[in-house]
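Protein chains: 2
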Amino acid sequence: MNNIQSCLLLIDGGGSGARARLCTIDGEVLVTGNGGPANLSTDFAAASANLHALAQSVYQQAGRPTSCWSQDYAYVALAGAGASTKRQNLINSFGFKKMQLATDVDVTLAAALGTEQDGLVAMLGTGSFFVWRNQGRVRRVGGWGFILGDECGGAWLGREVLRATIRAYDDVGPRSELTAQMLDRFEGTPKAMVPFARDAHAADFAKLAPLLVAAYEKQDEVAVEIFDRAVDMLCESIGAAADVPGQHLCFLGGLGPTYQKLMPAAYQAICHTAKGTALDGAYWLAQKEFAL
Amino acid sequence: MNNIQSCLLLIDGGGSGARARLCTIDGEVLVTGNGGPANLSTDFAAASANLHALAQSVYQQAGRPTSCWSQDYAYVALAGAGASTKRQNLINSFGFKKMQLATDVDVTLAAALGTEQDGLVAMLGTGSFFVWRNQGRVRRVGGWGFILGDECGGAWLGREVLRATIRAYDDVGPRSELTAQMLDRFEGTPKAMVPFARDAHAADFAKLAPLLVAAYEKQDEVAVEIFDRAVDMLCESIGAAADVPGQHLCFLGGLGPTYQKLMPAAYQAICHTAKGTALDGAYWLAQKEFAL
Numbered sequence: 001m002n003n004i005q006s007c008l009l010l011i012d013g014g015g016s017g018a019r020a021r022l023c024t025i026d027g028e029v030l031v032t033g034n035g036g037p038a039n040l041s042t043d044f045a046a047a048s049a050n051l052h053a054l055a056q057s058v059y060q061q062a063g064r065p066t067s068c069w070s071q072d073y074a075y076v077a078l079a080g081a082g083a084s085t086k087r088q089n090l091i092n093s094f095g096f097k098k099m100q101l102a103t104d105v106d107v108t109l110a111a112a113l114g115t116e117q118d119g120l121v122a123m124l125g126t127g128s129f130f131v132w133r134n135q136g137r138v139r140r141v142g143g144w145g146f147i148l149g150d151e152c153g154g155a156w157l158g159r160e161v162l163r164a165t166i167r168a169y170d171d172v173g174p175r176s177e178l179t180a181q182m183l184d185r186f187e188g189t190p191k192a193m194v195p196f197a198r199d200a201h202a203a204d205f206a207k208l209a210p211l212l213v214a215a216y217e218k219q220d221e222v223a224v225e226i227f228d229r230a231v232d233m234l235c236e237s238i239g240a241a242a243d244v245p246g247q248h249l250c251f252l253g254g255l256g257p258t259y260q261k262l263m264p265a266a267y268q269a270i271c272h273t274a275k276g277t278a279l280d281g282a283y284w285l286a287q288k289e290f291a292l
Numbered sequence: 293m294n295n296i297q298s299c300l301l302l303i304d305g306g307g308s309g310a311r312a313r314l315c316t317i318d319g320e321v322l323v324t325g326n327g328g329p330a331n332l333s334t335d336f337a338a339a340s341a342n343l344h345a346l347a348q349s350v351y352q353q354a355g356r357p358t359s360c361w362s363q364d365y366a367y368v369a370l371a372g373a374g375a376s377t378k379r380q381n382l383i384n385s386f387g388f389k390k391m392q393l394a395t396d397v398d399v400t401l402a403a404a405l406g407t408e409q410d411g412l413v414a415m416l417g418t419g420s421f422f423v424w425r426n427q428g429r430v431r432r433v434g435g436w437g438f439i440l441g442d443e444c445g446g447a448w449l450g451r452e453v454l455r456a457t458i459r460a461y462d463d464v465g466p467r468s469e470l471t472a473q474m475l476d477r478f479e480g481t482p483k484a485m486v487p488f489a490r491d492a493h494a495a496d497f498a499k500l501a502p503l504l505v506a507a508y509e510k511q512d513e514v515a516v517e518i519f520d521r522a523v524d525m526l527c528e529s530i531g532a533a534a535d536v537p538g539q540h541l542c543f544l545g546g547l548g549p550t551y552q553k554l555m556p557a558a559y560q561a562i563c564h565t566a567k568g569t570a571l572d573g574a575y576w577l578a579q580k581e582f583a584l
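If you read the protein sequences in the order shown, they are chains A and B. Position 189, counted from 1, in the first sequence is what the numbering used here calls 189; the numbers after and before it change by one each time, with no gaps. To convert, take the position in the second sequence, counting from 1, and add 292; that gives the numbering used here.
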């Protein structure tokens, strides 16, 4: 691979890990790889070390020396990249011919819609956020973490199930198979939920979401109430289906397909699958950015 | 005081401190004092040390040697006392003639209603809980902490204000003077709220509640929406005013008076002030318990 004049390194990184693709300028995939967490705002030193290790690893697999970085391009999309004050430090530490740092929101949008299509992306994973593109203008809502926001995401759903379980236990909310199941997980009383809730991270609450989805499929009363409320909140966040730019709505994330099926028909009618993966999105953005 | 045959020590303790009263069997107050936190479930060793220090201090102030404990009575109401497995250890460590360990819920009920009156106590402080007494039967709702419950308490209100501020910032909820004021506290963006929310304890969120109360008094749109929702939840937790035992409703805690004024007229019509303080409640319970 030493004889290829210029290559393009694509990275999509976040709090739980990073994915990389080394490809030719034309997009031919040479090598892919996975690395450690890379959230620039949370821990710059760790993110930088993980990104260097990942880049070196894919170059080594491709048999291309890292001395080629000075003639190669890199497009790196990272959670927390927008807020970081050390963007330039990271870019300088690599020494690529050209390197662009983008955010996870940028690549999510590109992956879902490509680089031109107007539309709205609803990302529903552990957290949640919404991004609109309308004639080149981009607007984001949400993504502030599940304590104060991230409504309808997995962590939010998990916490709502525990709340409903406590209200059922206290006899001020309905009991169901789901609330009984949750109580069983916590030794039959809310007492053990209190320290769990105090120490739990978003991912811990989100682990309860699949139980809720399964209960919804059985039309469990409590699960239906929570999802009805979640869908109302989604519609409020998204706005009217008629106002979605380009009539192009794309649900992403682990809970994306679940919510898509639950939305009112007017929204379902304008749903489209994503144009590609996050690394595809990074490639399309890199093509534009570097005029490849 | 050495010549009084038997005295009665009353203590009301919780996570933020403890209050004590040494009195005669007839209730004549000899000495009062304050001590450190005493939540049996959270930290037994610290609670035990603080309670011993407090008891010794009031006995010393009263000029009564602690050797009199063997002929004295103690009624000690502590947060977390219900769940603790070390109740008997604590009782044995003092060596009173008779000592009763009760919970903060027991004394709250006695303070609000006395020991006989049927009624409902709504405790609205940093957290929230509700206790009914109906012909001797006691039922509790809430008090599970603000992450999963404690609806309408100060911590819950503080978090709701931040949520509403983020929704206003994202332009999916109404803006108001209150949301502008909260944004100002956090450098104009929700970014600084995210680490605050991650690290905040209930008391930190509760510190925001007075701003919300002040905004409500000016009929701030967002404050009104949050309190309307809170009052709806309160009515749901309390049940219909017609069903309140003895038609006797008592609002306690720092937010008690605020909520009492906001409740629908049917509830306000059956509101009564508390019969006494927590230490009064402890005295009435001690009289019954020890048949004094």
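C-beta atoms are modelled at their ideal positions from N, C-alpha and C, and glycine is treated no differently. Note that this is a predicted model, so its numbers are computed, not measured.
The beta strand (DSSP E) spanning residue i covers which residue range?
| i | result |
| --- | --- |
| B/Asn-331 | B/Asn-331 -> no beta strand (DSSP E), and no H or E assigned at all. |
| A/Arg-19 | 17-24 |
| A/Ser-128 | 128-134 |
| B/Leu-440 | Neither: B/Leu-440 is in no beta strand (DSSP E) and is coded neither H nor E. |
| B/Ala-369 | 365-370 |
| B/Ala-354 | No beta strand (DSSP E) contains B/Ala-354, which DSSP labels as neither H nor E. |
Quick one, which of the options has its alpha-carbon nearest residue i's?
| i | options | result |
| --- | --- | --- |
| B/Ala-574 | B/Gln-363, B/Ala-402, B/Ala-373 and B/Ser-376 | B/Ala-402 |
| B/Ala-330 | B/Val-368, B/Ala-557 and B/Cys-527 | B/Val-368 |
| A/Gln-5 | A/Gln-71, A/Arg-139 and A/Arg-19 | A/Gln-71 |
| A/Lys-288 | A/Leu-120, A/Ala-45 and A/Met-99 | A/Met-99 |
| A/Gly-127 | A/Ile-147, A/Thr-165 and A/Gln-60 | A/Ile-147 |
| A/Arg-175 | A/Asp-204, A/Glu-217, A/Val-224 and A/Pro-195 | A/Val-224 |
| B/Thr-395 | B/Phe-582, B/Ala-570, B/Ala-583 and B/Leu-584 | B/Ala-570 |
| A/Ala-202 | B/Thr-324, B/Gly-465 and B/Val-486 | B/Val-486 |
| B/Gln-506 | B/Val-523, B/Ile-530 and B/Glu-469 | Note on residue identity: the sequence assigns Ala, not Gln, to residue 506 of chain B. Answer by Cα proximity: B/Glu-469. |
| A/Asp-220 | A/Gly-253, A/Trp-144 and A/Gln-181 | A/Gln-181 |
| B/Ala-414 | B/Leu-314, B/Thr-324, B/Cys-542 and B/Asp-476 | B/Cys-542 |
| B/Tyr-551 | B/Gly-417, B/Gly-428, B/Val-514 and B/Thr-457 | B/Gly-417 |
Run the CB neighbour count on residue i, radius 10 Å, all protein chains shown included, and call it buried at 16 or more, exposed below.
| i | result |
| --- | --- |
| A/Gly-63 | exposed |
| A/Ala-55 | buried |
| A/Pro-264 | exposed |
| A/Asn-34 | exposed |
| B/Arg-425 | buried |
| A/Asp-199 | exposed |
| A/Pro-190 | buried |
| B/Glu-443 | buried |
| B/Ser-359 | exposed |
| B/Asp-535 | exposed |
| A/Ser-237 | buried |
| B/Val-399 | buried |
| B/Asp-524 | exposed |
| A/Arg-21 | buried |
Could you list which residues in chain D have their beta carbon closer than 7 angstroms to that of residue i, in chain order?
| i | result |
| --- | --- |
| B/Asp-462 | Absent here is chain D; the protein component of the structure consists of chains A and B. |
Between which two residues does the alpha helix (DSSP H) harbouring residue i extend?
| i | result |
| --- | --- |
| A/Lys-288 | 278-289 |
| B/Ile-518 | 513-530 |
| A/Gly-256 | 256-262 |
| B/Thr-400 | 396-405 |
| B/Val-464 | Segment: none, B/Val-464 is in no alpha helix (DSSP H) and carries neither H nor E. |
| B/Arg-246 | Since the first and last residues shown for chain B are 293 and 584, residue 246 of chain B lies out of range. |
| B/Val-505 | 501-509 |
| A/Leu-90 | 87-94 |
| A/Phe-205 | 202-206 |
Answer yes or no: the CB of residue i versus the heavy atoms of the ligand SAH, is any distance below 8 angstroms?
| i | result |
| --- | --- |
| B/Leu-454 | With respect to the ligand SAH, the structure offers nothing, as it holds no ligand at all. |
Taking 8 angstroms as the limit between beta carbons, can you name the residues of its chain near residue i, skipping five residues before and five after?
| i | result |
| --- | --- |
| A/His-248 | Leu-113, Gln-117, Asp-118, Gly-119, Leu-120, Ile-270 and His-272 |
| B/Gly-306 | Pro-329, Ala-330, Asn-331, Leu-370, Ala-371 and Asp-396 |
| A/Gly-142 | Gly-127, Ser-128, Phe-129, Phe-130, Gly-149, Asp-150, Glu-151 and Ser-237 |
| A/Ala-53 | Gly-35 and Gly-36 |
| A/Trp-144 | Asp-150 |
Could you name the residues of the same chain whose beta carbon sits closer than 7 angstroms to that of residue i, not counting the 5 residues immediately before and after it, in chain order?
| i | result |
| --- | --- |
| A/Gly-246 | Gln-117, Asp-118 and Gly-119 |
| A/Leu-101 | Val-76, Leu-78, Ala-81, Arg-87, Leu-90 and Ile-91 |
Near residue i, which residues of its chain fall below 6 angstroms by C-beta distance, leaving aside the five closest residues on each side in sequence?
| i | result |
| --- | --- |
| B/Leu-526 | Cys-444 |
| B/Phe-497 | Ala-447, Gly-450 and Arg-451 |
| A/Arg-167 | Gly-173 |
| B/Gly-568 | Ala-403 |
| B/Tyr-351 | Thr-358 |
Residues of the segment 324-335 of chain B in Cβ contact with chain A at a cutoff of 8 angstroms, in chain order, please. none
Chain-ordered residues of the segment 188-222 of chain A with a beta carbon less than 7 angstroms from chain B: Pro-190, Lys-191, Met-193, Val-194, Ala-197 and Arg-198
Along the segment 442-462 of chain B, where does the CB come closer than 8 angstroms to a CB of chain A? Name the residues. Arg-451, Leu-454, Arg-455, Ile-458, Arg-459 and Asp-462
What are the residues in the segment 519-541 of chain B lying within 7 angstroms of chain A by C-beta distance? Glu-528 and Ser-529
For the segment 403-421 of chain B, list every residue whose C-beta sits within 8 angstroms of some C-beta in chain A, in sequence order. none
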